[in-house]
Every structure is written in structure tokens, then in C-alpha cells.
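Notes for the one structure printed next.
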Amino acid sequence: MSVNGPGAIGRPIEDGTTDVAAESGRVGGGEQPATGADASAPTRGTSPVRFSVQPSASGLGIVSRLRLEPDAVSYVEGALAVVPSRVAGTLRRLLREAAALDANRVLTLREAETVIEPALDALPGGGAALRARLREVDAWLDRERAREAAVRDGIDVVFNSDPEAPSLSATVIEQLDAAVREAAGRPLDIHIMIFSFTDEAIADKLLEIAETNPNAHIRILTDFSQTTQANGYRPAWLVEQAQARGLDNLEVRFKKDQPYRWDAAAKRLRWDHGVTRGLNHHKGLVTLVDGQPRRMVAGSFNWSPSADRKNYENLMTFDATVAANRLVMRHYEAEFEALWNDGRASLTLEEAREHKRRIEAEFRADPSKRPSEVVGLEAGAGASLSRLAPDDILDLNDPSAGQRIAAWFGGGERGREIAMAIAAERLRFGRFEDADDLLARVPTAAQALGADGIDRLREQVVFGDGKLSVNLASREELIAAGATRAAADAIVTWREAHGEFESLEQVRALPEISRSTWYRMRRFLTADLRRVAFSARRPDEPQGDAGFARVNEERMVPVRQPDGSVVYESATIGAGAVDMIRRAKPGETLKLATYGLSVSTPEFAALVEAARSGVRLRVILNRKYNEAVADRLRSLAADEGLDIEVKTSGRTMHQKYLVHVEGEDAFNGSANLSSNAERKHAEDRFFIKNNAAVARAFEADFDRLWERLPG
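Mapping the sequence shown onto numbering that gives the first Met the number 0, position 358 (from 1) lands on 357, and the numbers just tick up by one.
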């Protein structure tokens with residue numbers, strides 16, 4: 000965790016500005032550099048040494064339910080000795096909350112200072128000043144809790160409607176740079192699926208990585224429209240640059256398509272969106288180190304300066320330290336590899352140009368041919384890419400990983416003892432923040448590893464959020480997290496009958512879960528659920544399905560029916576959306592911002608069905624192309640008295656998200672709510688459920704846009 004504590008900002012000075020150079024003030028000496036700051040944090044100055052006490056032999060018992068790191072012991076004891084007894088209890092509570100910012104119960108010196116230093120500064124002012132300062136600390140901790148929860152969550156969402164947000168292009172480049180740093184010379188794969196790519200800065204970054212990192216291999220899957228360098232398209236240019244510079248670690252393939260009709264008057268091909276057999280409409284990337292997914296980027300953002308500056312767009316980033324993200328990344332990588340390898344679905348640049356020549360030849364031979372009858376190149380040579388390694392990332396905070404932890408530490412009796420010590424420490428004082436935290440709290444692990452082993456620990460092991468999704472966990476994983484077999488069976492059986500838990504309260508209500516079982520399990524469980532769904536269509540197929548990869552095509556997901564029952568259906572982009580919409584209850588709110596909405600889609604029908612049941616519906620549409628559907632929604636509201644409000648945006652509204660405010664659910668991705676998105680194009684849609692931080696981020700963007708747009 001990064002501590003930008005209440006004192007990191009400095010203290011107000013007489014002219015009303017802020018002295019950001021104020022020191023951190025570590026009692027007992029030792030200067031600390033100032034860190035970044037929350038501008039609304041309570042202020043503090045430099046504290047003199049106010050007390051000197053003998054440290055306790057142990058960091059236990061000073062503040063109940065906390066372990067104190069050794070260098071925090073005397074500092075906390077001294078502070079508790081000098082503050083009035085009437086506020087000592089409040090101080091202890093705030094110390095517990097500061098320790099919990101990184102989701103454990105271990106108090107570091109930095110965490111302690113964020114609470115104690117403001118209190119000591121206010122001490123000479125008396126009780127009222129002290130209580131006021133502690134209220135400031137309390138409010139700051141509330142804000143930090145939300146921020147740290149979002150960091151641990153492993154998902155960040157950037158909206159270019161936010162004037163304080165970084166540019167979306169810069170965010171992509173930042174993720175690419177981070178991937179190179181994480182790889183640290185180990186095999187790095189950067190796999191990109193992108194519809195439109197004209198951003199020169201991103202293209203230059205990819206070339207730089209390919210030239211300066213022989214361990215890296217960049218593969219780009221793009222749309223057939225990108226085979227030309229017209230309009231500043233970068234993919235074909237990158238192919239040219241890679242060949243000219245002798246870079247065999249930068250490759251590009253193009254989704255096979257037949258998007259042309261014949262212009263008889265001009266005797267030439269004309270590109271026509273209406274005849275395309277399926278765009279590669281994805282807008283993301285995934286990085287792998289040693290074949291394991293590490294980072295992912297997705298959202299509505301095509302890689303172009305105009306999209307960044309002129310549209311309303313978003314970008315989501317995913318971090319593999321969270322187990323739920325790793326599963327989503329693996330599905331995304333599987334989709335990439337399946338499309339990359341399929342010669343019926345993707346082509347090299349040379350094959351794509353030959354395909355176009357053959358299309359033109361067919362039309363010239365018979366100008367009366369309908370576009371759907373034209374074949375071109377039947378198939379390319381395909382590829383045999385297989386970079387996704389078995390899912391064996393070791394997460395030291397995974398409550399179900401005991402046997403794997405023992406094996407990693409050498410197995411046998413010693414490995415089991417270390418694994419048990421890690422589990423006991425984690426159970427009592429919470430997750431490990433990083434390798435240093437583990438080694439400090441479990442000395443036997445440090446002794447067993449030695450210097451080489453510690454380096455291996457830093458490279459091979461991740462430290463996740465320590466949570467197990469009750470909506471995805473197997474019986475065995477639930478038992479490893481503290482469930483009895485009866486409790487685990489009850490959870491899995493409930494899911495099979497009802498779909499997904501919407502809260503942990505629903506889990507606790509199961510009669511098979513006793514109080515003692517719940518006490519063991521609750522700290523490890525989350526109802527947070529993340530999924531990704533795809534649509535896919537080869538040009539020679541009549542319509543699309545749920546993915547090019549078999550693992551995606553064959554998945555089934557629970558879908559709520561209008562009568563409240565649950566039926567398992569193919570994991571299409573539409574099925575997940577309909578399920579999320581149907582989970583909204585009367586009086587709750589759905590907020591939709593999208594570039595395209597078709598009245599013929601299951602999503603539109605589900606939205607109208609929800610409004611008729613009493614759900615509030617707020618919709619922002621791109622004005623161009625959507626006037627008819629906007630009028631249809633307004634007419635339904637007027638004719639049937641439904642709580643539907645619609646606004647349209649003249650600035651390109653390119654978002655593709657829906658947020659269920661009360662349910663803390665959201666979906667987002669490349670797919671518009673259109674028939675073509677599911678039946679024709681290659682698309683993705685990410686579903687994030689029971690996640691307050693992500694839902695709040697989407698709601699905040701929606702509300703910001705709603706306020707800007709006229710009624």
C-alpha cells in the first residue's frame with residue numbers, strides 16, 4: 000500500500016497556500032521523504048520527539064487484534080502514553096483502520112504515523128482541537144479505504160470525460176511499459192486485438208519495445224480495413240517497419256472479411272459496412288510473462304487520437320494479482336490465440352491483399368454477383384501459436400493454495416510447516432502485502448529460502464487480494480477456505496439452482512452454514528464476480544457464436560428468466576447483459592451509455608421489460624444513428640407512464656456500458672447493443688458484478704455526462 004497520510008501534504012501557511020515541503024516527522028529521528036498527497040487530507044507538521052519509552056518485547060497486545068511491526072512498537076506505545084485517556088480508545092480504533100487499508104491487521108510505522116502525527120500536532124490545543132483533528136483523520140481513512148480497495152481490486156477504469164484523468168493513449172503506453180518492467184528479461188508476449196489503430200505514439204512504443212527487448216514478442220490482430228496505410232492506419236505500416244528493420248518479434252494478422260460491393264459505374268470495389276461479414280471490433284490487449292497473463296486492457300477506446308480527444312470513451316485495466324482477473328485474462332488470451340491460428344478467420348498482410356485481389360477478380364468476371372456469393376481466398380495458411388501456459392501462478396494469499404505453497408517451499412515436513420505458518424499468520428493478521436511483508440511476518444520462510452530463493456519468490460509468486468469468489472469457487476476450494484463439506488455442497492447447489500449470489504448475506508443465510516463455519520470462511524469470501532463473453536463469426540459461417548476459442552464457445556452461464564427462475568445458456572454477450580438487466584428490482588436504477596442500441600436486440604427487450612416492472616431507466620445515446628430508438632423509448636415512457644429518460648450526445652458517444660446502481664453491477668467492452676455485435680462481429684463484453692468500486696466509477700462517469708448534456 001502507498002501511504003499518502005494526513006500529514007503528507009504539509010500545513011496551511013499564512014497566505015492560504017499549502018506548504019507541500021513540510022517534513023513527514025518521524026518520532027525518534029530519521030528523515031522521510033514526502034510522498035504524493037490527497038489534497039483534502041488533514042494537515043500536519045513536523046513532530047518533535049515527545050516521548051521515550053522502552054519497547055515491548057512483542058508487537059502484540061498494544062492495540063487489540065493488531066500485530067505491530069518492530070519499528071512501530073515504541074512509537075505507538077509512546078503516543079498512547081501521552082494522549083488523554085478519553086481519546087486513547089479512538090486512537091486505537093483509527094490505528095486498526097489504518098492497518099486495514101492494505102487488507103491486513105499488521106500496523107507499520109508509516110500507517111501509524113498517518114494517525115498519530117496529526118493527533119500529536121493537535122495535542123497542545125486541548126480536547127476540542129484533538130477531537131477535530133481525529134475527525135479529519137477518520138474522514139481521510141474513509142477515502143483511503145475506497146482508494147485502496149480499488150487498487151487491490153485489480154481493475155481501474157479511465158474515462159476521458161474526466162478532466163483529471165490521464166489520456167487513454169498514455170494509459171495504453173503506461174501498461175506496455177509496465178509489462179516490460181514486469182518481464183525483467185523473461186519471455187514477454189504482448190497480444191493485441193484492435194479494430195482501428197492510427198495512434199502514432201502507441202505504434203512507436205510497440206516498435207521501441209520490439210527493437211530493444213529481444214525477450215518480447217508483439218502480435219497484433221486487427222480488422223481487414225487496416226490492410227491499407229490510408230487514413231494513417233498503423234498496422235500495415237508496422238508490418239512494413241518490422242520487415243525493414245528485421246524484426247521477427249512483431250507480427251500482424253488481419254481478420255478475414257468480404258466487405259465490398261461492386262460499383263458497376265466506376266468498375267471498382269466499394270467498401271460497404273452493410274455487406275461486411277464481420278469486423279474485428281475488439282479494443283484491447285493482454286500481456287503474458289512466461290506464458291502467464293499479467294495485464295489486460297479493454298474497453299470502448301479505438302487507438303486513435305480523435306477517439307481520445309473528441310469522443311466519450313473509456314479504458315479498463317486489469318492486474319493479474321487478483322485471481323478473478325487472471326481467469327478473465329485467460330479467456331481473452333484463448334480467444335486471441337484461436338483467432339490468430341485460424342486461417343479461415345485471420346490472414347497475414349500478404350494473404351489479405353491476395354484475398355482482396357481475388358474478390359475483385361470475381362466481381363470483374365461476373366459483376367452481377369451478390370457480395371454474399373463472393374469467396375476470394377478460401378483460407379490462409381493459419382498459424383500454430385500456443386503461448387498460454389497452465390494456470391499455475393502461486394498466490395500466497397490464496398486461502399485454497401496450502402498444498403501448492405508447501406510444494407513451492409520444497410515439500411516434505413518442512414514445506415508443510417512453512418505453509419501452515421503462512422496460513423496461520425494470514426488467518427490471524429490478514430493478507431501479505433508483498434514479499435517483504437511475508438518474510439518479516441513469517442521468519443521461517445526467509446530462513447528456508449536464502450538469497451536465491453528470495454529472488455525466486457519475488458519473480459514467481461503473486462500476492463493477491465486473499466479473496467475467493469463464492470460465485471466461482473469449487474467445493475474443494477471452499478473447503479480449503481474453511482467450509483465444511485455440507486456448507487460447500489450447499490453453496491454449489493444454491494448456485495446451480497439460482498445462478499449467482501448477489502451478496503455474502505445470501506450465503507450466510509444458508510441453513511447449512513453454522514456460525515462457527517461462517518466465522519472461519521467470511522474473511523476469505525467475496526461475492527465479486529468477473530466474466531468476459533465474446534461473439535465470433537468466420538466469413539464463411541451464416542452467423543456468429545460465443546467465441547473462436549472452444550473454451551469460450553462451450554461455456555454456459557446462468558440467465559435470470561422473466562419469472563425469476565434461472566436457466567443456463569451459452570455465454571454470449573447478450574445472455575450476460577439480459578441477466579444483469581433482469582436482476583434489477585422495482586425502484587432500482589439502470590444507467591446505459593452506448594454508441595448503438597437496436598430495438599431488435601434481446602437487451603432492448605429486457606430494458607423495456609425492466610422499465611415496465613418499475614425499474615428506473617436512464618439512457619445516453621450517440622445522437623447520430625439513434626434518433627429513432629431515442630424516440631421509441633420516449634414514446635414508451637409517455638404512452639405507458641414508464642420511468643425512462645433519454646439524452647443524446649452530439650459529441651460521439653462511443654461508450655458501451657450499463658451500470659445497475661443498487662446491484663453494484665456493470666458491463667462494458669467493445670460491443671454495442673446491436674444485432675450485428677452478437678451475430679456478425681468479433682466482440683467482447685466484460686461483466687463485473689457485486690463490485691461497489693467499479694459500479695461507482697461507471698455511475699460517476701454517467702452522472703458527469705448526464706449533467707453536461709441538455710435535456
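All C-beta atoms in this analysis are idealised placements derived from N, C-alpha and C, irrespective of residue type, glycine included.
Spatial distance of R10 from A138 (CA atoms): Reading the sequence shown from its first residue, position 11 is the one you call residue 10. Reading the sequence shown from its first residue, position 139 is the one you call residue 138. Confidence at R10 is low in this model, with a pLDDT of 27, below 50, so the placement of that residue is unreliable and no value is reported for it.
Three-state secondary structure assigned by DSSP to G29: Here residue 29 is taken as the residue at index 30 of the sequence shown, counted from 1. With a pLDDT of only 31 at G29, under the threshold of 50, the placement of this residue in the model should not be trusted, and no figure is reported.
DSSP three-state assignment for R233, whether helix, strand or coil: Working through the sequence shown from its first residue, we reach residue 233 at position 234. Correct three-state label for R233: coil.
Bridge-paired residues (DSSP) for I154: Here residue 154 refers to the residue found at position 155 of the sequence shown. F317.
Reference P292; option with closest CA among E250, E353, L346, P186: The count along the sequence shown starts at 1 and reaches residue 292 at position 293. The option with the nearest alpha carbon to P292 is P186.
Beta-carbon proximity of L471 to L528, cut-off 8 Å: Reading the sequence shown from its first residue, position 472 is the one you call residue 471. Reading the sequence shown from its first residue, position 529 is the one you call residue 528. Yes. Within cutoff.
Delimiting residues of the beta strand (DSSP E) encompassing V658: To locate residue 658, count along the sequence shown from 1; it is residue 659. That run of the beta strand (DSSP E) goes 655 to 659.
Residue environment, S39, which counts as buried when at least 16 other CB atoms sit within 10 Å: Position 40 of the sequence shown, counted from the first residue, corresponds to residue 39. Model confidence at S39 stands at a pLDDT of 47, short of 50, so the residue's coordinates are unreliable; what they give is reported in the following sentence. The residue is exposed, with fewer than 16 neighbouring Cβ atoms inside 10 Å.
Proximity of F317 and N324 at Cβ, strictly below 8 Å: Along the sequence shown, read from residue 1 onward, the residue named residue 317 stands at position 318. Along the sequence shown, read from residue 1 onward, the residue named residue 324 stands at position 325. Cβ distance < 8 Å, so F317 and N324 count as in contact.
First and last residue of the uninterrupted alpha helix (DSSP H) at P117: Residue numbering aside, residue 117 sits at position 118 when the sequence shown is read from its first letter. Its alpha helix (DSSP H) spans residues 108 to 121.
Sequence-distant residues of the same chain with beta carbon closer than 6 Å to F697, five excluded per side: For the purposes of this step, residue 697 is taken as the residue at position 698 of the sequence shown. Excluding sequence neighbours, F697 sits near Y656, V658, A665.
Of the listed residues V506, I453, L119, V598, nearest to A482 (C-alpha basis): For the purposes of this step, residue 482 is taken as residue 483 along the sequence shown, with counting starting at 1. Considering only alpha carbons, the answer is V506.
Buried or exposed (CB count within 10 angstroms, at least 16 for buried), K590: For the purposes of this step, residue 590 is taken as the residue at position 591 of the sequence shown. By the neighbour-count rule (16 or more Cβ atoms within 10 Å), K590 is buried.
Same chain only: Cβ atoms within 7 Å of G613, ignoring 5 sequence neighbours per side: Locating residue 613 in the sequence shown gives position 614, counting from the first residue. Answer for G613: P585, G586, listed in chain order.
Member of A388, G77, E312, R343 whose CA lies at the smallest distance from the CA of D161: Here residue 161 refers to the residue found at position 162 of the sequence shown. Of A388, G77, E312, R343, the residue nearest in Cα terms is E312.
Burial state of Y567, where buried means 16 or more other Cβ atoms lie within 10 Å: Within the sequence shown, residue 567 is the residue found at index 568, counting from 1. Exposed: under 16 other Cβ atoms inside 10 Å.
Straight-line Cα distance separating N396 from G563: Translated into the one-based positions of the sequence shown, residue 563 becomes position 564. Translated into the one-based positions of the sequence shown, residue 396 becomes position 397. Those two C-alpha atoms are separated by around 36 Å.
Where H216 sits in the DSSP three-state scheme: Numbered from its first residue, the sequence shown carries residue 216 at position 217. H216 falls in the strand class under three-state DSSP.
Own chain residues within Cβ distance below 7 Å of M419, not counting five before or after: Taking the sequence shown and counting its residues from 1, the one referred to as residue 419 is at position 420. Counting only Cβ-Cβ distances below 7 Å, and skipping sequence neighbours, we find nothing.
Per-residue burial, A692 [other beta carbons within 10 Å of its own, 16 or more giving buried]: Here the question's residue 692 lines up with position 693 in the sequence shown. It is buried - the Cβ of A692 has at least 16 other Cβ atoms within 10 Å.
Beta-carbon proximity of L606 to D642, cut-off 8 Å: For the purposes of this step, residue 606 is taken as the residue at position 607 of the sequence shown. For the purposes of this step, residue 642 is taken as the residue at position 643 of the sequence shown. No, these two residues do not count as a Cβ contact at 8 Å.
Whole-angstrom distance between L93 and V136, CA atom to CA atom: Within the sequence shown, numbered from 1, the residue matching residue 136 stands at position 137. Within the sequence shown, numbered from 1, the residue matching residue 93 stands at position 94. C-alpha separation (whole angstroms): 8 Å.
Nearest to V628 (by Cα), restricted to the options L596, G375, R611, I619: As a working note, residue 628 is residue 629 in the sequence shown. The candidate whose alpha carbon is nearest that of V628 is L596.
Range of the contiguous alpha helix (DSSP H) that encloses T492: Residue 492 sits at position 493 when you count from the first residue of the sequence shown. Run containing T492: 484 to 497, per the alpha helix (DSSP H) assignment.
Local conformation of L708 per DSSP, three classes: One-based indexing of the sequence shown puts residue 708 at position 709. DSSP places L708 in coil when its eight states are reduced to three.
6 Å Cβ shell around T286 - same chain, five flanking residues per side excluded: As a working note, residue 286 is residue 287 in the sequence shown. The residues are A178, I189, R293, R294.
Residues that DSSP places opposite W139 in a beta bridge: Translated into the one-based positions of the sequence shown, residue 139 becomes position 140. BP columns for W139 are empty, so no partner.
CB of E677 within 8 Å of CB of S534, strictly: Here the question's residue 677 lines up with position 678 in the sequence shown. Here the question's residue 534 lines up with position 535 in the sequence shown. The answer is yes: Cβ separation under 8 Å.
Terminal residues of the alpha helix (DSSP H) in which F428 lies: Numbered from 1 along the sequence shown, position 429 holds the residue referred to as residue 428. Start and end: 411 to 428.
Sequence-distant residues of its chain with Cβ nearer than 6 Å to S1 (five each side left out): By 1-based counting over the sequence shown, the position of residue 1 is 2. Annotation note: pLDDT 37 at S1 (below 50); position unreliable, coordinate value reported separately. Here the set comprises nothing.
Whether A548 touches A337 by CB criterion (8 Å): In the sequence shown, residue 548 corresponds to position 549, counting from 1. In the sequence shown, residue 337 corresponds to position 338, counting from 1. Going by C-beta atoms, A548 is nearer than 8 Å to A337.
Cβ-based neighbour list, A489, same chain, cut-off 6 Å, excluding 5 preceding and 5 following: Translated into the one-based positions of the sequence shown, residue 489 becomes position 490. If we look at A489 and ignore the five residues flanking it on each side, its Cβ neighbours are L509, E511.
Beta-carbon proximity check, F428 vs R66, cutoff 8 Å: Residue mapping note: residue 428 aligns to position 429 of the sequence shown, counting from 1. Residue mapping note: residue 66 aligns to position 67 of the sequence shown, counting from 1. Result yes, Cβ atoms of F428 and R66 sit closer than 8 Å.
Cβ shell of V114 (< 7 Å), same chain only, five flanking positions each side left out: Here residue 114 is taken as the residue at index 115 of the sequence shown, counted from 1. Taken in chain order, the residues that qualify are L90, L93, L94, A97, V136.
Whole-angstrom distance between D539 and T588, CA atom to CA atom: The sequence position of residue 588 within the sequence shown is 589, counting from 1. The sequence position of residue 539 within the sequence shown is 540, counting from 1. Spanning the two alpha carbons is a distance of roughly 41 Å.
Spatially closest choice to D70 from V81, E250, T107, L167, by CA coordinates: Looking up residue 70 in the sequence shown gives position 71. Comparing Cα positions, the closest option is T107.
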